[in-house]
Amino acid sequence: MPLRLVAPEWSLLVPPLIVLGTIVLLLAIDAVSERAARQTALPLALVGQLLALASLATIDWGEGATTFGVSYRADWFALVVSLIALVAGILSVLVSAGYTESGLEPGVGLAEYLALLLFSVLGTMVVGAAGDFIVLLLGLEMSAVAVYALTAFARRRLTSVEGALKYFLLGAFASAILIYGMAWVYGLTGSIVLSDIAHTLRTVVTPGQPLDPALLLALLLLAVGLGFKIAAVPFHMWTPDAYQGAPTPVSAYMSVVPKVAGFAAVARVLVQGLQPLSEQWAGLLGILALITMVYGNVVAIAQRDLKRMLGYSAIGHTGYMLAGLAAFTTGLAGDRSVGSVLFYLFAYAFMNIGAFGVIAWLQERGLGTTLDDVAGLAGRAPLAALTMAIFMLSLMGMPPLLGFYAKYYVILALIEAGQLWLAVAIVVMSAVSAFFYLRVVTQMYFQEPGGTWRPVRTPLLGLGLAVMAVATLALGLVSGPILELAQRWPAALT
Amino acid sequence: MERLPILSLITYSPLVGAVVLFLWGNASTRAVRWIALIASGVSFALSVAMLLAFDPSQAGMQFTETFEWLPELGIAYRLGVDGISAPLVGLTTLLTLIAVIASWDPIRHRVREYYITLLLLATGMLGVFVSLDLFLFYVFWEIVLIPMALIIGVWGSANRVYAAVKFFLYTLAGSLLMLVGIVALYQEYFQQTGIRTLDVLELAQGNYSPTFQFWTFLAFFLAFAIKVPMWPFHTWLPDAHVEAPTAGSVILAGVLLKMGGYGFLRFNLPLFPEATQRWAPAVVVLSVIAILYGALMALVQRDFKKLVAYSSVSHMGFVTLGIFALNQQGLSGAMVVMLSHGFVTSALFLLVGVLYERAHTRELAAFGGLARNMPIFAAFFGFFALASLGLPGLSGFVGEFLALLGGFQSYRWAGVLGTAVVILAAWYMLRVYQRVALVRAPGEPPDPDDPELRMAITQGVPPVAGGGDADQHTPDPRTFPDVTWREALTLAPLALLTLWVGVYPLPVLDVIELSLRAILAAVTGERM
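So the protein lines, in turn, are chains A and B.
The first sequence maps to residues 1 to 494 in my numbering.
The second sequence maps to residues 495 to 1022 in my numbering.
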């Protein structure tokens, strides 16, 4: 093949470029004047992401155009992932408002914080649009490395550094395993392009036959590597420490966006690249899903620290989403598997960032992060308690909140794929999860308040929480268009 | 067709009230109560209008409303009522209004939050009865849980948090399995017909395999059996009732339990006719156990409210017995018992509330001789006690008679056992009436003219001690004032309805008959 230099199709890259531009601008202002950065960084990060969100509308995603060869794909899947990443990014910036105003140490800038956050959003968008292993890995690492740094942002607090170190070491380890798996796939198929891999494998693999051991090894390596990224049990060890140790707004962020990146990578690698092996990996994901949801939800019961509890509950939700992916069935018309997971991630962004946001709101007011700290909140701050109750009930899956619709679609996908046992498992685990989510509500509404209370004003954080609470409350009722968008994934991945 | 969406108006007018209360942060307590009263009053007035306009000569759904919602998933906003749901809607709005009035004085802290919760609860309950889409139904079904748990947990008595959490987890566990059943049903119907829908009426046309019916019946059954509650799923009920505030108990007994019975009639029977026939004997056994067990437990209670709660278990046993007898009399009886239980047991809970307001205890031993200083209370209490034990001429008799008749036709032994229990009901109800209204109050000196005392003096028989082991700190029942006009206002309509249904049940039976016959035809496979 003769070497040809072709200019990339810039118009497809507008949204990530806007995010990148915002990052550069943030750092440039910070370099010139730290004071100016303090004042402009927050609005700039918000506006930049909103612009990027708006620019999504300028691209015709239905075409499935590619650029940089086929390395970067602008298809429906990329659109939905970018959408979720940007929405979650905006919400995270709002949640960070209180923290960055009061909690930063001198010398560690607000602009740096937001730049790192945006880098991670950018990485996630890139994963969603990845057409080959290299771009996928680039995006995944961009998303992860920024979050390692963010986890350690409270650098004088031991737990923050400890969480970051654990997260980093295990994350790097996982990346190595993932790359090793990719190398095996490359060696076996001669390609790193996802669509080519699928094409080659289709000619090699016959359904119903046992797999070539080398291919099986490659699949396992990929599954382990990706399992770390999405914190599936038994690769979840870093999650609770990282969630608890990180500054709360960072916990809010990393409970969602890196997970979006992780699931986007799983979908790209397994559903698109290794689709001919779906028989094998769907079964594997089903088992992982079951272990993950059981472990996360059961261990969460024993937690008294809210951030840690949300860390384990995040593992539980990973299990539900994995179950959605496990519903993938080759050749099933109207397969909802990936669509249900995308919708779940979308819903999860609102309710989980919201839940952490309320904790951040409480911390601004001098309270800790344990169950005792939320006692009697309903008497003290009825709106905050109501907001938290909405998030808890939504995470539990109570109708008519957003979380219920998310769970409903996953269950629907599973039953349509004939995987009744996973659907029942989700339902049983939802009942188990009621224990610990409800305990927060019980504490807030039925107990007497304790601890000190320092009234402060945090308008931006309040606004963010209000937006998320209203979205959690009402978005489910009008979830049709979002679902329809998420449901277009087969055009991109198959 | 341009028509007033009356069912939506009925369902959402409490919600509107709740939103107004939520937004009006500094409303005075007085204003809060009046807004709640107006919202529930509007809902009630509309439902009366709906009942008057209801055409009993039609078996199908009336006042239907349909909007597309999530068409890709076959989910639509479908409302409608038939002869089964229309009376229950009326019962719900009436009891909500009564609950608002009954909470007027007793609820003194967090009044605004209380009425918001109560109105949300009303919307949820009404939604359950008017939904014709399984998804919508499930949404409303679950919505009911949260405000009810809050009412118990925030405004209840000493052990309220335990009771609230127990109530929540029990009912949640049941309903989650129903969700799987709903989705499975949806998928099965899709595979058979290629149509994605959650329309109850359309799904009932499907022809499902016996194995499939067996399991999905069970998934739905559990949710409803816990709500009813049937023995052995009833253990949440006494706790919830005892701890709930009076209005909470009224709603719980009057409406929430009916959601279970309604669920059987609306979903289990028409959707899974074969499984219904297969499961029916087992359900009848459980029903008879519930009737017996509830009555026996009621006999030994010292707590007034717990006694009424266990009598509820017994009465609801008649409902399930009537339903699963699978004949016209049984079904009609079940419906009438549901309505009658809504009037009578709610009234009994109101009466317990009246006493609790004065004595701050529900120990039976703390009361006595109330007929003297609370004659109106005693009259109401006597009336509803008689209605509860099934005195002919009052509503309880009509329902239980029909339900037993139905039970007798299908399962002779069940009818016989159930009838025997009516004697137990008379025993515990009359005993509690005697205890509260007639015998001497604790601490009261014996009456010198008392023939019993005279006998004791002349023959050496010890007189029956007044009261017994009551707490010394409870106030003297002889000082209790009679019911206030507001309390009387909550009791009087229930008494009138009890009497009306008891003496002249024909209009009610007319309304429910055709719809029940349609359900029966679906189960037994006969064409109408």
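By construction, the Cβ of each residue, glycine as well, lies at the ideal position given by its N, Cα and C atoms.
Being a predicted model, the structure only gives us computed values, none of them experimental.
- From the beta-carbon of V659 of chain B, the residues of chain A found nearer than 7 Å are L438, T442.
- Assignment of W563 of chain B by DSSP, reduced to helix, strand and coil, places it in the strand class.
- At a C-beta separation below 9 Å, G316 of chain A has no neighbours in chain B, since its nearest C-beta there lies roughly 15 Å away.
- Taking 4 residues as the minimum length, the alpha helix (DSSP H) runs contained wholly in the region 835-896 of chain B are 864-867, 869-882, in order along the chain.
- Following the DSSP letters along the chain, one finds Y72 of chain A inside the beta strand (DSSP E) bounded by residues 72-74.
- Boundaries of the alpha helix (DSSP H) around V441 of chain A: 420-446.
- A Cβ of chain B is located within less than 8 Å of the beta carbon of Y445 of chain A.
- By the criterion of at least three beta-carbon pairs nearer than 8 Å, the region 244-255 of chain A is in contact with the region 346-356 of chain A.
- Cβ-Cβ distances below 6 Å link A267 of chain A to V338 in the same chain, with the five nearest sequence neighbours on each side left out; the list follows chain order.
- Between the alpha carbons of S882 of chain B and L1000 of chain B lies a gap of roughly 20 Å.
- When the Cα atoms are used, R308 of chain A and L465 of chain A turn out to be separated by approximately 20 Å.
- A distance of 8 Å or more separates the beta carbons of L140 of chain A and I23 of chain A.
- For L412 of chain A, the closest Cβ of chain B is nearer than 8 Å.
- By the C-beta density criterion, G21 of chain A is exposed, having fewer than 16 other C-beta atoms within 10 angstroms.
- Listed by position along chain B, the residues whose Cβ is nearer than 8 Å to that of L393 of chain A are I640.
- If the five residues before and after V193 of chain A are omitted, its C-beta is found closer than 6 Å to the C-beta atoms of V70, D132, all from its own chain and listed in chain order.
- The alpha-carbon separation between F766 of chain B and V1017 of chain B amounts to approximately 8 Å.
- Using a 10 angstroms sphere on the CB of Y998 of chain B, the tally of other CB atoms stays under 16, which defines it as exposed.
- Nearest CB-CB separation between M398 of chain A and chain B: below the 8 Å threshold.
- Using a 10 angstroms sphere on the CB of S430 of chain A, the tally of other CB atoms reaches 16 or more, which defines it as buried.
- With respect to chain B, the C-beta atom of A431 of chain A has a partner C-beta closer than 8 Å.
- In terms of CA proximity to L475 of chain A, B:W563 leads the group B:L612, B:W563, B:M619, B:R925.
- With its beta carbon at least 8 Å from every one in chain A, L712 of chain B lies outside the interface.
- Separation of P704 of chain B and V542 of chain B (C-alpha to C-alpha, rounded to the nearest whole angstrom) is 41 Å.
- Between the alpha carbons of G863 of chain B and V838 of chain B lies a gap of roughly 22 Å.
- Note that the region 564-573 of chain B does not touch the region 512-529 of chain B; fewer than 3 beta-carbon pairs, one per stretch, sit closer than 8 Å.
- Taking C-alpha positions only, D549 of chain B is separated from F761 of chain B by approximately 23 Å.
- Within the region 677-690 of chain B, the residues whose Cβ lies closer than 7 Å to any Cβ of chain A are, in chain order, V677, A678, Q681.
- Here the region 181-192 of chain A does not lie against the region 147-162 of chain A, with fewer than 3 beta-carbon pairs under 8 Å apart.
- Interface annotation for the region 647-671 of chain B against chain A: G647, V648, R654, V655, A658, V659, F662, L663, L666, A667, L670, L671, criterion Cβ-Cβ distance under 8 Å.
- In the structure shown, the three-state DSSP call for Q303 of chain A is coil.
- I601 of chain B is outside the set of residues whose beta carbon lies under 8 Å from a beta carbon in chain A.
- Residue-level contact by beta carbon fails for I917 of chain B and chain A, as no gap is shorter than 8 Å.
- By alpha-carbon distance to V147 of chain A, the top candidate from A:D196, A:K259, A:G62 is A:K259.
- For I415 of chain A, the nearest beta carbon of chain B is closer than 8 Å to its own beta carbon.
- Secondary structure of L211 of chain A (DSSP, three-state): coil.
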